[in-house]
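Everything on this sheet refers to the single structure shown next.
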Amino acid sequence: MSPRAVRSRRQAARQWQKAFIDAMLDYRQRLTDKLGAAADEPARARTLTALVLKAGFLKLAHEKRLLNVDSAALFADLMKLKRRRPKTAAQLDLFAADRSRTAIDNLLEDLELDSAVVAKASLGELYATLMGFRLDFFERDLLGALYQALASEGGRKRRGQYYTPPAIVNAILDALPLDPVADPELTILDPACGSGQFLLGAYARLKARLTAAGMPPAEAHRRILERHVNGYDLDSFALTLAKMNLVLEERVGEPIAFRIHGVNPLKRADHLLFCEAVERAAPPGRFDIVIGNPPWGSELSASEKAEFRRAYVSAQSGVNPFTLFIERALELVRPGGSIGLLVPEAYLNIRAHRASRRLLLDRAAIVKLVPCGELFDGVFAPAAILVARVEPDAAARRANRVQVAVWSGGESAARGDVPQAAFEDTPENIFNVHLEGDVRRLLSQIAHGAATLKDRAKFGLGLVTGDNERLVAPRKLGTQWEPLIVGRDVERFRINFSGRHVVYDREALQQACPREIFDAPEKLVYRFIGKRLVFARDDRGRFTLNNANVLVPQLPGFRARYLLALLNSSVVQFYYTYSFFTVKVLRGNIERLPLRWTSEARQTAIDAQVAALDALDGDAFGRAVAALDEDVFDIYGVAPADRAFIRARLAAELGEDEGEDAAPPLASPFGQADAGA
């Protein structure tokens, strides 16, 4: 099949899958409306979800010829309720004990259905809906996709759960040594396995290797599930779906002794959340590979945060479940073993994760980093692929070179490599994926001998009114109303004032820095949102809204307009873009920008050039700014060839950056730094 045909088939499958999920959601909603109010809404909702999932599973099992019944007999099984049987607390695997039933029968039992709800359910309607689709045409984790759709958005956010795109799963697994032929005792763990996306991907690769080596498919199936793949999760529904997904891969009669357990791997024996079952299931150094997409930013109680701060090194700079999972993965994997995880892109550079980055540098050789951008619909959550190898040898870690790639068109494209040792020298051990070759050389050259604004400027955040429609006016309405600069007013080198006004009342405003910062005789104003640095000078004591922040420079020997020329230059933009890669212009990053001093005479000349820009427009303004840019290149000693390199890279990275005119990013649940960081 040609690549075009493959893409077409995938697109059609996605469209049909969406149609199927929408149909099942509609069915559940109609049934919910029919049942009316209930005393125990959560329990009833769970039954409705179980009913829909069970129906989907049975249809898949039937289409894969795992059940020797016709469709009518198949659907009649939906009426069967869970048969009670005793279970002890020590039984981590709920299905292995009863080996007289088939694997499928055991799994169906675990989806409990309330008889009162099922009795009122329109099963004929559900049957008709199912018969309208060919489910085995869809992606492998159809049940997981359906479960995610059935779960409320609020519930998923609280748990930090987001469905991982299949291409991402494949990219992570492709970077790991999954070979059960070379290593018959290979053990793989997904510590937050959900419905088993990563386990399914690992299963497919292991089965292909084993059958290629001559092992019968049924034997390979059982060996993989009972020896190689392991999964943990706290969501019992998700665990059942993971087992269902894996059972659907091959016809099997006897129940499988799954290594998939409902335990919390973050609970360890060395702190108060001791859980003996976890230590039996997940002793340190047991696994060869840890994979997955651990929860990001899920809600934790105050007591959990306190315990995790005491128990985890990563929690010292901020408590976020995914960094705890990284630390736990490093413990659970043997020396020389690997981890492959999807993490927030913020992990690479945000201050709150610096303790985890330091820990990773101290314990592992980073194999691959792939910033992926936004992968999840409806939430601002740029992601990154992290692949690392546990490496006890410090010299080997420092000598390691990290493969850097970019995510484009649904696949990972190699970009180069970066010495891991370079991360030892970045501020707060930022994992700067841009430090390959010429970029690293130029960043070092630009920073050499330069001053910074750290402790040499006063910063102020723009005003937060809480109600812009009422408290921000398009013009001056009275003597108390004063000029207000908004983000889109700020352009490079100048302010194109739109005429807005505000009443400065610190008691009425939600956020307001001291008036003396705004009243400074000379201050620099900058856009808060945007990849491109945009600075202008204000000498009229105007206020700013919170999409434009201010700084009052106090750097000896530097004129304000000269600083303006540096901060708007290609040189400083290049340093900023390849050091911080964030859409928020944070104070801490501005304080690290390298500012090269030059003579008073040259500063006087540049001051005059910047002042003259106020009278220019169009092409004349552009030519004057380009001339200033060349002057700044000269001050930093950048060679002509390197100037062309810098401009080309900035054009590729920034493109037509809309800055503040673009919509602000959606709220992120994943621990982004605040405006003052």
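Under the numbering used here, the first residue of the sequence shown is numbered -1, with each subsequent residue one higher. Ideal Cβ positions, reconstructed from N, Cα and C, are used throughout, including at glycine. Given the structure is predicted, the values throughout are model-derived calculations rather than measurements.
* Close Cβ partners of Val331 (< 8 Å) along its chain, the five nearest in sequence each way excluded -> Counting from one through the sequence shown, the residue named residue 331 turns up at place 333. In its chain, beyond the 5 residues on either side, Gly283, Phe285, Asp286, Ile287, Val288, Ile337 and Val388 have a beta carbon closer than 8 Å to the beta carbon of Val331.
* Asked: Between the beta-carbon of Ile186 and the beta-carbon of Asn228, is there less than 8 Å?
  -> On the sequence shown, residue 186 is found 188 positions in, with the first residue counted as 1. On the sequence shown, residue 228 is found 230 positions in, with the first residue counted as 1. Cβ atoms of Ile186 and Asn228: closer than 8 Å.
* **Tyr161, enclosing alpha helix (DSSP H) - first and last residue** => Taking the sequence shown and counting its residues from 1, one reaches residue 161 at position 163. Where Tyr161 is concerned, there is no enclosing alpha helix (DSSP H), given that its DSSP letter is neither H nor E.
* Asked: How is the beta strand (DSSP E) around Pro638 delimited, first residue to last?
  -> Within the sequence shown, numbered from 1, the residue matching residue 638 stands at position 640. Per DSSP, Pro638 lies in no beta strand (DSSP E) segment; the continuous alpha helix (DSSP H) that holds it begins and ends at Pro638 to Leu652.
* Identify the continuous alpha helix (DSSP H) that holds Ser301 and give its terminal residues. => For the purposes of this step, residue 301 is taken as the residue at position 303 of the sequence shown. Element bounds for Ser301: Ala300 to Ala309.
* **Sequence-distant residues of its chain with Cβ nearer than 7 Å to Leu204 (five each side left out)** => Taking the sequence shown and counting its residues from 1, one reaches residue 204 at position 206. Closer than 7 Å at the Cβ level, and outside the excluded window around Leu204, lie Leu176, Pro178, Ile222 and His226.
* Assigned secondary structure, Val245 (DSSP; H/G/I helix, E/B strand, else coil) -> Residue numbering aside, residue 245 sits at position 247 when the sequence shown is read from its first letter. Three-state DSSP puts Val245 in a helix.
* **Among Ser120, Arg42 and Arg132, nearest to Trp689 - alpha-carbon criterion** => This structure does not reach residue 689, given that the chain is present from -1 up to 675, and the question cannot be answered.
* Is Asn547 helix, strand or coil by DSSP? -> As a first step, residue 547 must be located in the sequence shown, where it is residue number 549. Asn547 sits in a strand when the DSSP states are folded into three classes.
* Is there contact here, the region 390 to 404 with the region 346 to 364, by at least three beta-carbon pairs under 8 Å? -> The answer is yes - the region 346 to 364 touches the region 390 to 404, with three or more Cβ pairs under 8 Å.
* Any idea if Glu505 is buried or exposed, counting beta-carbon neighbours within 10 angstroms, 16 or more meaning buried? -> Residue numbering aside, residue 505 sits at position 507 when the sequence shown is read from its first letter. The Cβ neighbour count for Glu505, taken over all protein chains shown within 10 Å, is under 16; the residue is labelled exposed.
* Looking at C-alpha atoms only, which residue of Leu591, Leu565 and Asn544 is the closest neighbour of Asp627? -> Taking the sequence shown and counting its residues from 1, the one referred to as residue 627 is at position 629. Ranked by how close their Cα comes to the Cα of Asp627, the residues Leu591, Leu565 and Asn544 have Leu565 in first place.
* Given a cut-off of 8 Å, decide if Arg486 and Glu426 are closer than it, judged by their beta-carbon atoms. => Residue mapping note: residue 426 aligns to position 428 of the sequence shown, counting from 1. Residue mapping note: residue 486 aligns to position 488 of the sequence shown, counting from 1. Contact flag unset, no.
* To do: Would you give the residue range spanned by the beta strand (DSSP E) that Pro401 belongs to?
  => Position 403 of the sequence shown, counted from the first residue, corresponds to residue 401. The sequence shown places Gln at residue 401, rather than the Pro named in the question. In the DSSP assignment, Gln401 falls within the unbroken beta strand (DSSP E) covering Arg399 to Ser406.
* Name the DSSP bridge partner or partners of Glu520? -> Along the sequence shown, one-based indexing puts residue 520 at 522. Glu520 pairs with nothing; no bridge assigned.
* Evaluate contact between the region 405 to 419 and the region 539 to 555, counting only Cβ atoms and requiring at least three cross-stretch pairs below 8 Å. => Output reads no: the region 539 to 555 does not touch the region 405 to 419.
* **Through-space distance from Glu329 to Pro342, alpha-carbon basis** => Walking along the sequence shown from the start, residue 342 turns up at place 344. Walking along the sequence shown from the start, residue 329 turns up at place 331. If I take the Cα positions, the gap works out to 21 Å.
* Asked: What are the start and end residues of the alpha helix (DSSP H) that includes Asp181?
  -> Mapped onto the sequence shown, residue 181 falls at position 183. Segment: none, Asp181 is in no alpha helix (DSSP H) and carries neither H nor E.
* For Trp294, which residues does DSSP report across the bridge? -> Stepping through the sequence shown from its first residue, residue 294 is reached at position 296. Per DSSP, none; premise fails for Trp294.
* Terminal residues of the beta strand (DSSP E) in which Phe533 lies -> Taking the sequence shown and counting its residues from 1, one reaches residue 533 at position 535. First-last of the beta strand (DSSP E) with Phe533: Phe533 to Asp536.
* To do: Mind the definition here: the region 558 to 575 touches the region 320 to 328 only if three or more C-beta pairs lie below 8 Å; say whether that holds.
  => Contact fails: fewer than three Cβ-Cβ distances are below 8 Å.
* Distance, Cα to Cα, Leu140 vs Arg585? -> The residue given as residue 140 occupies position 142 in the sequence shown. The residue given as residue 585 occupies position 587 in the sequence shown. The straight-line gap from Cα to Cα measures roughly 45 Å.
* To do: Report buried or exposed for Gln195, applying the criterion of at least 16 other Cβ atoms within 10 angstroms of its Cβ.
  => Reading the sequence shown from its first residue, position 197 is the one you call residue 195. Within 10 angstroms of the beta-carbon of Gln195 lie 16 or more other beta-carbons, which makes it buried.
* Asked: How many whole angstroms separate the CB atoms of Arg492 and Phe516, which I take to be in contact at a CB cut-off of 8 Å?
  -> To locate residue 492, count along the sequence shown from 1; it is residue 494. To locate residue 516, count along the sequence shown from 1; it is residue 518. Rounded, the Cβ-Cβ distance is 18 Å, inconsistent with contact.
* Enumerated in chain order, which unbroken segments of the beta strand (DSSP E) with a length of 3 residues or greater are wholly contained in the region 325 to 377? -> Note on the region 325 to 377: whole beta strand (DSSP E) runs with a minimum of 3 residues are 331 to 342 and 362 to 372, in chain order.
* Could you give the DSSP three-state label for Leu286: helix, strand or coil? => Locating residue 286 in the sequence shown gives position 288, counting from the first residue. It is Asp, not Leu, that sits at residue 286 in the sequence shown. Note: Asp286 maps to strand in three-state DSSP.
* To do: Put Tyr230 into one of helix, strand or coil per three-state DSSP.
  => Mapped onto the sequence shown, residue 230 falls at position 232. In this structure, Tyr230 counts as strand in the three-state DSSP scheme.
* Nearest CA to the CA of Phe631: which residue from Gln9, Phe572 and Gly497? -> Numbered from its first residue, the sequence shown carries residue 631 at position 633. Of the listed residues, the one whose Cα sits closest to Phe631 is Phe572.
* Asked: Do you know offhand how far Val368's Cα is from Ile383's?
  -> Residue mapping note: residue 368 aligns to position 370 of the sequence shown, counting from 1. Residue mapping note: residue 383 aligns to position 385 of the sequence shown, counting from 1. In this model, Val368 and Ile383 are separated by some 5 Å (Cα to Cα).
* To do: Within 10 angstroms of the Cβ of Thr602, are there 16 or more other Cβ atoms? Answer buried if so, exposed if not.
  => Here residue 602 refers to the residue found at position 604 when the sequence shown is read from its first residue. Per the 10 Å Cβ criterion, exposed.
* Just checking my contact of Asp640 with Leu440 at CB under 8 Å: how many whole Å lie between their CB atoms? -> Counted from its first residue, the sequence shown places residue 640 at position 642. Counted from its first residue, the sequence shown places residue 440 at position 442. A Cβ-Cβ distance of about 6 Å is found for the pair Asp640 and Leu440, placing them in contact under the 8 Å criterion.
* To do: State the Cα-Cα distance for the pair Ser6 and Arg12, rounded to the nearest angstrom.
  => Taking the first residue of the sequence shown as position 1, residue 6 is located at position 8. Taking the first residue of the sequence shown as position 1, residue 12 is located at position 14. If I take the Cα positions, the gap works out to 10 Å.
* Coil, strand or helix - Gly721 by DSSP -> A query on residue 721 cannot be resolved here, the shown segment of the chain reaching from -1 to 675 and no further.
* Asked: Which of the three DSSP states, helix, strand or coil, is assigned to Lys52?
  -> Taking the sequence shown and counting its residues from 1, the one referred to as residue 52 is at position 54. Residue state, collapsed to three classes: helix.
* Rounded to a whole number of angstroms, what is the C-alpha to C-alpha distance between Asp231 and Pro472? -> As a working mapping, residue 231 is identified with position 233 in the sequence shown. As a working mapping, residue 472 is identified with position 474 in the sequence shown. A direct Cα-to-Cα measurement between Asp231 and Pro472 gives close to 54 Å.
* Asked: Going along the chain, which residues of its own chain have a beta-carbon closer than 7 Å to the beta-carbon of Gly408, five neighbours each way excluded?
  -> One-based indexing of the sequence shown puts residue 408 at position 410. Only residues of its own chain outside the window of five on either side were considered, and among them Ala165 have a CB closer than 7 Å to the CB of Gly408, listed in chain order.
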